[in-house]
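Shown next, in structure tokens, is the structure this report addresses.
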Amino acid sequence: ALAAGRPEQVAEGLEIAAAYPLTFYGQLALAQLGRRYDFNWETPPVGPEAFARLTAAEPAIRRAVALVEAGRVNEGDLEFRWINGRIDDRHAADLLALEHALGLPAAQLDLALSFGGRAFEAGLFPLPAYEPENGFTADPALLYALMRQESKFKI
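Numbering of the sequence shown is given in this note's numbering, commencing with residue 3 and proceeding in unit increments.
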């Protein structure tokens, strides 16, 4: 709008973009408007009660956890992504916490994209435990952003 010579329409465009705070342009618009969006980066811990609720609702969770604990992480991750598509809304936040605790960024992202909302924001931007053999030579945040965009952490 500004480049087109209509400065009166700038605020309207910024407000539209700001309505999508989880996007790049939403963040730019919020900054231009002098506002912030407080992301919910916290993933709640998975206690025994939550785990019991999850496995009662979806018995396949035990198999998925066993695969991850046995070092068959790719298979466990895939199993969790299948579970994500079947889990009831009431158990989705607990499932996200379990996937976070097991270090499964692809499963977290998959679940968060399916459910959305404040409880799932941390899952939209998971921090994997991946690290190059000789350490990072570039900013890890940049590399994780590229991995998220290009592969959604799927191995």
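Even for Gly, the Cβ is constructed at its ideal location relative to N, Cα and C.
So residue i and residue j are in contact, right, with Cβ under 8 Å, and what is the actual spacing, rounded?
i	j	result
Tyr146	Pro130	7 Å
Consult DSSP for residue i and reduce its assignment to one of helix, strand or coil.
i	result
Ile89	coil
Gly7	coil
Arg64	helix
Val48	coil
Trp43	coil
Asn136	coil
Ala131	coil
Ala109	helix
Gly73	coil
Leu104	coil
The alpha helix (DSSP H) spanning residue i covers which residue range?
i	result
Arg150	142 to 153
Phe122	Element bounds for Phe122: n/a, residue is neither H nor E.
Gly15	12 to 20
Phe26	26 to 34
Could you pull out every residue in the same chain whose Cβ sits closer than 8 Å to the Cβ of residue i, ignoring the five residues on either side in sequence?
i	result
Arg64	Thr57
Glu81	Ala62, Arg65, Ala66, Leu69
Asn42	Arg120, Ala121, Glu123, Ala124
His93	Arg55, Leu56, Ala59, Glu60
Please work out which residues of its chain come closer than 6 Å, Cβ to Cβ, to residue i, disregarding the five sequence neighbours upstream and downstream, and give them in chain order.
i	result
Thr52	Per the sequence presented here, residue 52 reads as Ala, with Thr not at that position. If we look at Ala52 and ignore the five residues flanking it on each side, its Cβ neighbours are Asp96.
By how many angstroms is the C-alpha of residue j removed from the C-alpha of residue i?
i	j	result
Ile18	Asn136	44 Å
Arg120	Thr45	11 Å
Gln34	Tyr27	10 Å
Asp91	Gly7	47 Å
Lys154	Ala54	29 Å
Ser116	Glu123	11 Å
Leu32	Trp84	36 Å
Ala13	Ala72	54 Å
Thr25	Pro47	27 Å
Pro9	Arg38	23 Å
Glu2	Leu106	Because the chain spans 3 through 157 in this model, residue 2 falls outside it and cannot be assessed.
Pro50	Asp79	21 Å
Tyr22	Tyr132	29 Å
Met149	Gly36	30 Å
Arg74	Gln29	38 Å
Near residue i, what residues of its chain come up, given a Cβ to Cβ distance below 7 Å and the 5 sequence neighbours on each side ignored?
i	result
Gln110	Leu98, Glu101, His102, Gly125, Pro128
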